[in-house]
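Residue numbers (UniProt numbering): 1 to 158.
Quick reminder that beta carbons are idealized off the backbone N, C-alpha and C, glycines included.
Predicted model, so just to flag it, every value in this text is computed and none were measured.
Down below is the structure, laid out as structure tokens.
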Amino acid sequence: MVGQLFGNSSGYEQAGMLNQILATLGPAAAASLAGDALSRVMEQPVKPLVLSNCLSNAAQGHVAEQGPEGATGHYSANGASPSDRATRHLSGTAYCGENISYGMPTPRDVVIQFVVDDGVPTRGHRENLFKDDYKSVGFGFGPAQEIRVHGGGVDVHE
Numbered sequence: 001m002v003g004q005l006f007g008n009s010s011g012y013e014q015a016g017m018l019n020q021i022l023a024t025l026g027p028a029a030a031a032s033l034a035g036d037a038l039s040r041v042m043e044q045p046v047k048p049l050v051l052s053n054c055l056s057n058a059a060q061g062h063v064a065e066q067g068p069e070g071a072t073g074h075y076s077a078n079g080a081s082p083s084d085r086a087t088r089h090l091s092g093t094a095y096c097g098e099n100i101s102y103g104m105p106t107p108r109d110v111v112i113q114f115v116v117d118d119g120v121p122t123r124g125h126r127e128n129l130f131k132d133d134y135k136s137v138g139f140g141f142g143p144a145q146e147i148r149v150h151g152g153g154v155d156v157h158e
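Structure below.
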């Protein structure tokens, strides 16, 4: 995903995107980010991903379950993991990761959120974006109850 975002961009366009990322952060977060995420963004781009209808169906099913209830997280109400959901739509076992964003206004903002990955100690969203092992991608999106993310918690409001 990040490889596709930056792969064919000029240096000028890449610098503009990086400035946008830094502008959304405070000075301390920007300094921390500069040592890790920005260097990852400037590395050789990862291979482009192939859009998978099967993975998109799995993602859309998770959106359909979470949205009306205001639920959040990677596990379904029945305990299914991202790999479990993907496997139901594929012919084999799925090796997958899942990034979920709540409330970002544009796809570009979602990618920036995952590159920065603020508030996620493991930086798992960032790691997923740059993982060369992934070959395909699926997307799901839809309405949800109002969700406000802050600190380390998520508040859901009807």
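Range of the contiguous alpha helix (DSSP H) that encloses VAL111:
Here residue 111 refers to the residue found at position 111 when the sequence shown is read from its first residue. It spans 107–116 - the alpha helix (DSSP H) in which VAL111 sits, taken as one unbroken run.
Boundaries of the alpha helix (DSSP H) in which LEU55 is found, first to last residue:
Taking the first residue of the sequence shown as 1, we reach residue 55 at position 55. That run of the alpha helix (DSSP H) goes 53–69.
I think ARG88 touches SER76, with their Cβ atoms under 8 Å apart; what is that distance to the nearest whole Å?
The sequence position of residue 88 within the sequence shown is 88, counting from 1. The sequence position of residue 76 within the sequence shown is 76, counting from 1. Rounded, the Cβ-Cβ distance is 11 Å, inconsistent with contact.
Just reading off the alpha helix (DSSP H) that GLY124 is part of, what are its end residues?
On the sequence shown, residue 124 is found 124 positions in, with the first residue counted as 1. Taken as a continuous stretch (DSSP letters only), the alpha helix (DSSP H) holding GLY124 covers 124–130.
Give every residue of the same chain whose Cβ lies closer than 8 Å to the Cβ of GLN20, excluding the five residues on either side of it in the sequence, and list them in chain order.
Locating residue 20 in the sequence shown gives position 20, counting from the first residue. Within the same chain, GLN20 has close Cβ partners ILE112.
Does GLN20 come out as helix, strand or coil in the three-state DSSP assignment?
Counted from its first residue, the sequence shown places residue 20 at position 20. Helix, per DSSP.
Whole-Å CB distance - SER52 paired with GLY138, under 8 Å assumed:
Position 52 of the sequence shown, counted from the start, is the residue given in the question as residue 52. Position 138 of the sequence shown, counted from the start, is the residue given in the question as residue 138. Indeed, because the Cβ distance is near 5 Å, the residues count as touching under 8 Å.
Taking buried to mean at least 16 other C-beta atoms within 10 Å of its own C-beta, is ASN99 buried or exposed?
As a working mapping, residue 99 is identified with position 99 in the sequence shown. Classification for ASN99: buried.
Give a yes or no on whether the C-beta atoms belonging to ALA64 and GLY142 are separated by under 8 Å.
Along the sequence shown, read from residue 1 onward, the residue named residue 64 stands at position 64. Along the sequence shown, read from residue 1 onward, the residue named residue 142 stands at position 142. Yes.
Contact set for VAL110: own chain, Cβ-Cβ below 6 Å, skip 5 residues either direction:
Numbered from 1 along the sequence shown, position 110 holds the residue referred to as residue 110. Cβ neighbours of VAL110 beyond the five flanking positions: SER101, MET104.
If you reduce the DSSP assignment to three classes, tell me which class GLY140 lands in.
Start at 1 with the first residue of the sequence shown, and residue 140 comes out as number 140. GLY140: coil per DSSP, three-state reduction.
Start and end of the alpha helix (DSSP H) containing PRO82?
For this step, residue 82 is matched to residue 82 along the sequence shown. According to the DSSP assignment, PRO82 belongs to the alpha helix (DSSP H) that extends over 82–89.
Output the distance between the C-alpha atoms of VAL116 and PRO107, rounded to the nearest integer angstrom.
On the sequence shown, residue 116 is found 116 positions in, with the first residue counted as 1. On the sequence shown, residue 107 is found 107 positions in, with the first residue counted as 1. For VAL116 and PRO107, the distance between alpha carbons rounds to 14 Å.
Of the choices VAL50, CYS54, ASN78, ALA144, whose alpha-carbon is the least far from that of GLN91?
Translated into the one-based positions of the sequence shown, residue 91 becomes position 91. The amino acid at residue 91 is misidentified as Gln; the sequence shows Ser. Selected option, being the one with the closest Cα: CYS54.
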